[in-house]
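In our numbering, the protein residues as written are 1281 to 1426. All residues carry an ideal CB built from backbone N, CA and C; glycine is no exception. To keep things clear, I will list the structure first and then write my remarks on it.
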Amino acid sequence: VISDEKALAFKSYIERIQATGDNIVVVNFLPDILLLKYRICFDPLLLHPDGMSILTAEYPVKIAIENFLKNLPFNGELSVEALENVIQEVNGVRDLQKLEVSSQWIEPGTGYGLFQPVEISRIPKSGRFKIEDWSGIEYINYQPAE
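Have a look at this one:
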């Protein structure tokens, strides 16, 4: 997000240089908020119950999700299946259960709306996603029933 003065100057510049007939829309919103709720089955030899790596003292699931969000396509489209594949590839993750994937975005003049479920994929209104609350990711040492 850039200041209103810079946004106005940028919009004016774009209007001057755009080709006749082109319609360019400049979006200068705060990021859409992504809410993730997953139950992650972890390997206790590799991860602590809070998701921290025993070897590196980092949070590999969080890092993988952040990298995934940074590398979304140009339009920012988030695929739930692709996100889950990235999580399952993390060393120490045995399995996962999706509980909820939702997002909310800013409506001009009213602020953020309510969280809306993301079924298969979503293109963010602002062009990008941000996770503010990581508490929806729960780590469990799951043992299958016999």
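Contact annotation, Ile-1417 with Ile-1320: C-beta distance approximately 6 Å; criterion of less than 8 Å satisfied. According to DSSP, residue pairing for Phe-1309 in a beta bridge does not occur. For the pair Lys-1350 and Arg-1408, the Cα-to-Cα distance works out to about 9 Å. Where Leu-1326 is concerned, there is no enclosing alpha helix (DSSP H), because DSSP gives it neither an H nor an E. Here Pro-1397 carries a strand assignment [DSSP, helix/strand/coil].
Per the C-alpha coordinates, the member of Ser-1333, Lys-1317, Gln-1298 and Gly-1389 positioned closest to Val-1373 is Ser-1333.
Between the region 1383 to 1397 and the region 1364 to 1373, the count of C-beta pairs closer than 8 Å stays below three; the two stretches do not touch.
Glu-1364 carries a helical assignment under DSSP once its states are collapsed to helix, strand and coil.
Here DSSP, grouped into helix, strand and coil, assigns Asp-1375 to strand. By the C-beta density criterion, Tyr-1293 is exposed, having fewer than 16 other C-beta atoms within 10 angstroms. The continuous alpha helix (DSSP H) containing Tyr-1293 extends over residues 1284 to 1297. Burial of Phe-1322 is indicated by the presence of at least 16 other C-beta atoms within 10 angstroms of its C-beta. With a 10 Å radius around the Cβ and a threshold of 16 neighbouring Cβ atoms, Ser-1415 comes out exposed.
In chain order, Leu-1315 place their CB closer than 8 Å to the CB of Asp-1413, counting only its own chain and leaving out the 5 sequence neighbours on each side.
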